[in-house]
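Notes to accompany the following structure.
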Amino acid sequence: MIRIAVFCSGSGTNLQALLDACAAGTIDGTVALVVSDRKDAYALARAEAAGVETLYIDPRGFAGKEAYEEKVIAALDGHRIDLICLAGYMRVLSPFFIRRYKHKILNIHPALLPAFKGGHAIADALAFGAKVTGVTVHFATEELDNGPIILQEAVIIKEGDTPETLLERVHAVEHRLYPQAVQLIARGRLKVEGRKVHIASSE
Ligand code: GRF
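Sequential numbering of the sequence shown, starting at 151, is according to this note's numbering.
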C-alpha cells in the first residue's frame, strides 16, 4: 500500500477521484495527506470529509520558496509519503524540491503534452482551433509540463465547444486516467528510461 500526498489549490475533483479509487481498492494505496497553498480550496473540505489529514501553508508567510518547501517536506516525512500527486496545484515547485522526489511526483495536465503547456491549456486548445486535445499524466521534472509521460488519452474538440463543455469531458478522462497511473506505480509496473516510461504488462 503506497502512501500518497495530493497537492491542490482548487476544487479538487481529481483529488476526489483518487480518494474514491483508494476507497474502492482500485488503487493499492491511501491518500495520507492533502496539501494546499489556499485556505479556501474546496479540496481541503473534500479531504476533511474523507477523514484525510490536511496541511494548509500560506506561502506568503515564508522568506522564500525553499523555506516554504522545507515545511512541506517535514510534513511529507512525518506522514511517510511515497508518492506526490499534483492535482491543480498552482505553485511551481523549486528544482530543490523536484530533485528530492525524483520520479515520485506526478502531475496531470489537461492537454496532450507537449501541446498546450501552462496554466490555460483548455482555453489555449480552443483558441488555437485544435480538433483534438486530451489528458496527460506525467512525472514532474524541473521543466514545467515536460516530464516523462505515463499515460495519455485524447479528447475530441466538438464544434461549438466552450471552455466549460470541453473541461467537463477532459475532467471525465482525468478522473479515470489519474487513478490508473497511480495504480501502475503502486504495482511497481513503471520503469523510466530517460524520457520514456515503460509499462510492464500485468500478470
Ligand atoms: C485539472 O484539470 C488538471 O488537469 C489541472 O488542474 C485541474 C485541477 O482540477 N492540472 P481539480 O481541482 O482536480 O478539479
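Beta carbons are placed, not taken as given, at the ideal position from N, Cα and C, and that holds for glycine.
Taking a contact to require three or more Cβ pairs closer than 8 Å, the region 264-283 and the region 323-337 do not qualify as touching. In the structure shown, Y218 falls within a helical segment according to DSSP collapsed to helix, strand and coil. Cβ-Cβ distances below 8 Å link V305 to V282, T283, G284, V285, L316, R319, V320 and V323 in the same chain, with the five nearest sequence neighbours on each side left out; the list follows chain order. Remark: the C-beta of A237 is in contact range of the ligand GRF, defined as less than 7 Å to any heavy atom. The region 165-183 makes contact with the region 191-201; the number of CB pairs closer than 8 Å reaches 3 or more.
For the options L205, G269, L276 and R230, the alpha carbon positioned closest to that of M240 is the one of G269. At a threshold of 7 Å, P329 does not count as near the ligand GRF, since its beta carbon sits no closer than that to any of the ligand's heavy atoms. Look at the region 201-251 and you find these whole runs of beta strand (DSSP E), each 3 residues long or longer: 203-206 and 233-236. Rounded to the nearest whole angstrom, the CA to CA distance from A182 to A173 is 12 Å. The beta carbons of S244 and K215 sit about 5 Å from each other, so the pair counts as a contact at 8 Å. In the DSSP assignment, A182 falls outside any alpha helix (DSSP H) and within the unbroken beta strand (DSSP E) covering G179 to S186. Membership of H288 in the beta strand (DSSP E) is indicated by the continuous run V282 to F289.
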